[in-house]
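Just so we're aligned, residue 1 is where the sequence shown starts under the UniProt record's numbering, counting upward by one.
A virtual CB, placed ideally from N, CA and C, is assigned to each residue, including glycine.
A quick note: this is a predicted structure, and the numbers were derived from the prediction, not measured.
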Amino acid sequence: MAAKLDDKLSSILEDDSVLNGNVSALELLGRLEKRLYEVGPVLDDAEQKQFTNKRVKKWLLDLQDALYFADDLVDEISTKAAIPATQRDPGNSSSWSRLVDSYIEDTGDMEKIVGTLESVVAKKNHHRLKECAKVDMSSWRTPSTSLVVSSDIFGRDKDKEKIIKLLLDDTPHAKSPVIPIVGMGGIGKTTLAQLVYNDEQVQQKFNVKAWVCVGEVFDVLKVTKTVVEKATSASCNMNDLDSVQQRLRTEVTGKKFLVVLDDMWTNHYDDWKTFLIPFQCGSQGGKILVTTRIDAVASMVKTIPAHNLSLLNDEQCWLVFANHAFSASESRDRLALEKVGRKIVEKCKGLPLAAQSLGGLLRTKDNIRDWKDVLMSEIWEFSEDECRILPALRISYHYLPSYLKRCFVYCSLYPKNYEFDKDELVLLWMAEDLLQQPKSGSILEEVGYRYFNDLAARSFFQPSKNGYKDSFVMHDLMHDLATFCGEKFFVRISEHEKVAQHDTKTRHLSYDVNDNYSVLKMLEACESLSHLRTLYQIKKKFYGEHKEGIDPCCLLAQLKRLRVLPFQSFEIDILPDSIGELIHLRYLNLSGTLIVTLPESMSNLYNLQTLKLAECEKLKKLPSNMQNLVNLRHLDIEGTDLEEMPKKMSKLKDLQILSYYIAGKHEENGIGELGELTHLHGSFCLKNLENVKNSGEASNARMDEKIHLNDIDLTWSSFEESEVCDSQSEKDVLDKLHPHKDLKKLYMCGYRGTMFPDWLGQSSYHNMTELYLSGCRNCLVLPSLGQLPSLERLVITDFNKVKKIGGSFYKGDGTHQHQETPFRSLKSLQFFSLSCWEEWESYECDDDDDAPFPQIEKLSIWNCPKLRGDLPTFLPSLKSLYIRGCEELGCYLPRAPTIFLMEILGKQEARMRDLPLSLQLLRIEGKQLVDSLFEAMTHTQPTSLIQLQISECSSAISFPGDSLPPLLQDLRIYNCKNVEFPMQYQQHHSLESLYIYNSCDSLTFFALPVFPNLLFLRIERCENLTSLEVSHSQSLRELWIEECPKLVNITRLPASLRELRISECGLLGEDIERKNPHIWPSISHIPYIKEHILILLGLVNLLHLGAAPPIFNFKLEWTTLRVLLLHHPLTHPNLRPFITFLGVALACLLARCPRWFARDESEQTWIKPN
1 MAAKLDDKLS SILEDDSVLN GNVSALELLG RLEKRLYEVG PVLDDAEQKQ
51 FTNKRVKKWL LDLQDALYFA DDLVDEISTK AAIPATQRDP GNSSSWSRLV
101 DSYIEDTGDM EKIVGTLESV VAKKNHHRLK ECAKVDMSSW RTPSTSLVVS
151 SDIFGRDKDK EKIIKLLLDD TPHAKSPVIP IVGMGGIGKT TLAQLVYNDE
201 QVQQKFNVKA WVCVGEVFDV LKVTKTVVEK ATSASCNMND LDSVQQRLRT
251 EVTGKKFLVV LDDMWTNHYD DWKTFLIPFQ CGSQGGKILV TTRIDAVASM
301 VKTIPAHNLS LLNDEQCWLV FANHAFSASE SRDRLALEKV GRKIVEKCKG
351 LPLAAQSLGG LLRTKDNIRD WKDVLMSEIW EFSEDECRIL PALRISYHYL
401 PSYLKRCFVY CSLYPKNYEF DKDELVLLWM AEDLLQQPKS GSILEEVGYR
451 YFNDLAARSF FQPSKNGYKD SFVMHDLMHD LATFCGEKFF VRISEHEKVA
501 QHDTKTRHLS YDVNDNYSVL KMLEACESLS HLRTLYQIKK KFYGEHKEGI
551 DPCCLLAQLK RLRVLPFQSF EIDILPDSIG ELIHLRYLNL SGTLIVTLPE
601 SMSNLYNLQT LKLAECEKLK KLPSNMQNLV NLRHLDIEGT DLEEMPKKMS
651 KLKDLQILSY YIAGKHEENG IGELGELTHL HGSFCLKNLE NVKNSGEASN
701 ARMDEKIHLN DIDLTWSSFE ESEVCDSQSE KDVLDKLHPH KDLKKLYMCG
751 YRGTMFPDWL GQSSYHNMTE LYLSGCRNCL VLPSLGQLPS LERLVITDFN
801 KVKKIGGSFY KGDGTHQHQE TPFRSLKSLQ FFSLSCWEEW ESYECDDDDD
851 APFPQIEKLS IWNCPKLRGD LPTFLPSLKS LYIRGCEELG CYLPRAPTIF
901 LMEILGKQEA RMRDLPLSLQ LLRIEGKQLV DSLFEAMTHT QPTSLIQLQI
951 SECSSAISFP GDSLPPLLQD LRIYNCKNVE FPMQYQQHHS LESLYIYNSC
1001 DSLTFFALPV FPNLLFLRIE RCENLTSLEV SHSQSLRELW IEECPKLVNI
1051 TRLPASLREL RISECGLLGE DIERKNPHIW PSISHIPYIK EHILILLGLV
1101 NLLHLGAAPP IFNFKLEWTT LRVLLLHHPL THPNLRPFIT FLGVALACLL
1151 ARCPRWFARD ESEQTWIKPN
């Protein structure tokens, strides 16, 4: 911080015009510069002594507090200096100048700031701080040796086995194979290396063995001498590298060697290559094992992939802890201590050194209160003699460059287990001025990403287990270290965490916005924190949920030094004009708020870098003077519905992220304003292209120069079919909007021309992987896209005038000469709503190897009602095929030997040639397809089929062999009245779900024992079904029977049932009353149904309810019933006994049944009774 402040101060002092000759101010700033120069050299020494010297710690806190005040002052002066240089119109800058003039002209405030810093700096000599002191790291750790007590190690058997296998492998590799073991401090890298080094097989394998604890500096001479001494068991007195390497080469020539380099930190490639030279003479099978915390070191040394050591699980960590906490002859109350001990182990989060240290600490503690004290304490509260984990982590922190230390400490604002978003964190680091200015050719964001990656490579961050690529977490103990280092200045407010109390030094404050306690405490804290820089909200929920009754805007008047301000979770619909007084503000997030308009005073936020307005659905316009925000880099307006863009956006030349731009009708907000925005990154949408009058205007946008964009979306507003467009002019405009050649994704919606320009589909777009063309209703032919070499996904939708897809689709000139295989990388091809498409012309080739679409895995054709003729005949990689709403399609389906899913729905007459053995999910509709399926099944047994759905078939057919496919788990039959259901003689063990709807008229009796593993059975409108045998099932969970008018008998219901629904089965009630009135009482004894759903619809013929209602004789056993639905009103005479029953049971039942409803037939709605 001191260094960055010094840099900014130097630039101010070099420009005499900044302070307009204010001699007093210049003198004060000169004194400030002198004190910064004086204190800088002792900071390294002070930073290390703070861990063991509380006075030094306090001095550092006072110094940092003074530096914060000085930085605020310098930032305001820098702002004043920069405004005139960037604003040609003096009137625009006057309001900014007034904001900073009052502070600068009051030299009394400046005197106080400089005087405080001078006072603190003067005390540095009291603490005997040394200039440019090199910290002796050896005092923080004991050098490792090769010896280990293997019985003390737990959870590393698989890691040991894997490393030993690599060591014993004599397969030829590169000379001197190097195996890196990588992981965070305390995870057990050295321990694993010791286990491997002392393994009996390893000992016998290698002739020459050496263990070297490398440490902070990789001194080639020193390390080589150590290897020689270990190999010869004699001291080496030679002091020149050549002699030592000669000696080492002699020792390893023709021998199998194993050298362990433990705890390696530096990655100087030249030194490493020099060190390896003598080992080239070793025998094949020689190995070098390196342990390191740093990925960059592992990447430099490895000849095979590094072994990343993972954290222990809870049980393994407990074994480590217990081994050190309890002795073999334990006399204490182990059960009581173990209960607390397991909670202590949870704090270790899988880090074995932490478990070992805390276990050792408690080994001599007899009182359970002592154990509970450790449980409630933080790791950094223990002395280094008590707990080794803090020094181990501190070493990692010590080796960080100063700029990375500040970024790491900033992360203490977040709670433990927080999933960091890399992009968001970099924006915050940038706003807090934690990033060094980039070198030429780079940008600030890239510097931030490099910082983040460096921290992750040093194990300060770990990939999140949620699987997202850019989501990371921080180990709890690393988080503890960050919290310790950020004491006083970084404070979290949370009801659920033990956090530091804020005081006047606090500059960065975070709070849990989902916790009312935290929000109220934040508001209270801000009353005394006028110099706060960060007010950050921790939000785990999505946009759309707002804190009601709290107006945070009242904070703006007192927090004038804010750099970071997110308000996205508050119910804000208007921002006060005072927002424009936050001249330090770099980051403002209003995403998801109810904001309607932004005050014009926001144009005063000269330093603003990031403005997030995502999902502000009511926002219609941006401030008219947005062009004043010349430092703006990120403008996120995704999900907003702006009517137009502000004028002169071209002045925002530093913009990196702009969600979209609306091409206006006037020059000052037209498409030409995009020309200067050449640094845009990521995804970008260009809207309202119908307002671009000609190709000249389009050319001014310079889209081909925006080389950092990955995704571009070009959109025209919707238009009427009758609207006349100049097709050539539309094509010329699009021609000039051609993007750069490295584009990855292109989306085009609403293009009004009849033809596409030549650039679309050129093979020079070698990185394009995704192309989406939608609503191009005037287009007569599809563009030539077959030669895009990397295209993986192609979506074409709403092309109303395309009638034929022909040879030009595969390549530009329609010939076959000198062309690559068309669509050679395409994996997904989707056609939607091509209303006039009639023919898909086949591509002629000599053999299948040259056929188009060799990699296609998904083909979808939806709502193309006129399509007829053939589809591609052979798709060797196809895994899923979807066809829907193609009524005239009557061809054979493509041959697809690897297909997994096929869904053909609609009235089309397509047919199947054969049944692929790989097919697992099949959903088909129509007589032609169902007939061809059953025909194919007579020739080929579908051995992989898991789900089958057939519908809309009038044919009188039966399953081949009167049996189902052997692995079928899910069968659905809809509107196939003449299909004969296979009530096979042998049991079918795979079927788990069966749904029959308006089908299988021949089915009169259904016996569940044929399907012993059936979980879900639903039968609707099965007109001739009379009897249902379900009593012997041990697996049935849900039973739905609806509209089966002839059903008269259901056997006793199984005990496994969880959900029952019976509707419109009129004869069933009469039969139960007449023949088997005891079936229904069995419901109340089903152990699981009481936790789920009972639905009785239309059983008003259960006359026995009028006498004694056994069905409702629950004895209040259904106390957790979720849903009870009755089809008829409660006024029905046959339900009066039930009403009486409810009068007794409702107080107990209804309180635990939140969805108890009766149906009001007059309104056809479900109502909850009063």
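Bridge partner(s) assigned by DSSP for residue i
{"i": "V244", "result": "V244 pairs with nothing; no bridge assigned."}
{"i": "H666", "result": "BP columns for H666 are empty, so no partner."}
{"i": "I83", "result": "According to DSSP, I83 bridges with nothing at all."}
{"i": "H508", "result": "F490, T534"}
{"i": "C554", "result": "For C554, which the question treats as bridged, DSSP gives no partner whatsoever."}
{"i": "Y587", "result": "V564, T610"}
Neighbour-count burial assignment, residue i, 16 or more Cβ in a 10 Å radius
{"i": "F1005", "result": "exposed"}
{"i": "H681", "result": "buried"}
{"i": "P1009", "result": "exposed"}
{"i": "I574", "result": "exposed"}
{"i": "E615", "result": "buried"}
{"i": "H1032", "result": "exposed"}
{"i": "C779", "result": "buried"}
{"i": "V217", "result": "exposed"}
{"i": "G961", "result": "exposed"}
{"i": "I83", "result": "buried"}
{"i": "residue 1175", "result": "For residue 1175 there is no data in the structure shown, the boundaries of the chain being 1 and 1170."}
{"i": "N688", "result": "buried"}
{"i": "L700", "result": "Reading the sequence as shown, one finds Asn at residue 700 and not Leu. So N700 counts as buried."}
{"i": "Y37", "result": "exposed"}
{"i": "A3", "result": "exposed"}
{"i": "E363", "result": "The sequence shown places Arg at residue 363, not Glu. The residue in question, R363, is exposed, as its Cβ has fewer than 16 Cβ neighbours within 10 Å."}
{"i": "H479", "result": "buried"}
{"i": "E925", "result": "buried"}
{"i": "T938", "result": "exposed"}
Nonlocal neighbours in the same chain, by C-beta distance under 6 Å from residue i, ignoring five residues either side
{"i": "R895", "result": "F874"}
{"i": "F649", "result": "For the record, residue 649 in the displayed sequence is Met; it is not Phe. Excluding sequence neighbours, M649 sits near E673."}
{"i": "S833", "result": "T797, D798, N863"}
{"i": "T534", "result": "H508, V564"}
{"i": "L901", "result": "S880, L921"}
{"i": "K620", "result": "E643"}
{"i": "V42", "result": "K124, L129, E131"}
{"i": "W429", "result": "C407, L435, G448"}
{"i": "Q928", "result": "E909, R911"}
{"i": "R31", "result": "V114"}
Beta-carbon proximity list for residue i, same chain, < 8 Å, skipping 5 on both sides
{"i": "Q817", "result": "Unreliable positioning characterises Q817 in this predicted model, as indicated by a pLDDT of 49, which lies under 50. The coordinate reading is nonetheless provided below. None."}
{"i": "L5", "result": "L36, L67, A70, D71, V74"}
{"i": "L1015", "result": "E992, S993, S1035, L1036, R1037, E1038"}
Cut-off 7 Å between Cβ atoms - residues of its own chain near residue i, not counting five sequence neighbours on either side
{"i": "S790", "result": "H766, N767, M768, T769, S825"}
{"i": "K505", "result": "L61, D65, K488, F489"}
{"i": "C836", "result": "N800, K801, V802, K803, K866"}
{"i": "R249", "result": "P278, C281"}
{"i": "S683", "result": "N710, D711"}
{"i": "A355", "result": "C317, V320, F321, V345, C348"}
{"i": "M602", "result": "I579, G580, P623"}
CB contact below 8 Å: residue i versus chain C
{"i": "E770", "result": "The structure shown has no chain C; it contains just one protein chain."}
Proximity test, residue i beta-carbon vs the ligand ADP heavy atom, cut-off 7 Å
{"i": "N778", "result": "Looking for the ligand ADP in the displayed structure turns up nothing, as the structure carries no ligands at all."}
Quiz item: Just checking, does the region 394-414 make contact with the region 224-231 on the three C-beta pairs under 8 Å criterion?
Solution: A contact between stretches requires three or more CB pairs, one per stretch, nearer than 8 Å, and the region 394-414 fails this requirement with the region 224-231.
Quiz item: Do three or more CB pairs link the region 288-296 to the region 251-263 at distances below 8 Å?
Solution: Yes, since at least three Cβ pairs between the region 288-296 and the region 251-263 fall closer than 8 Å, the two stretches touch.
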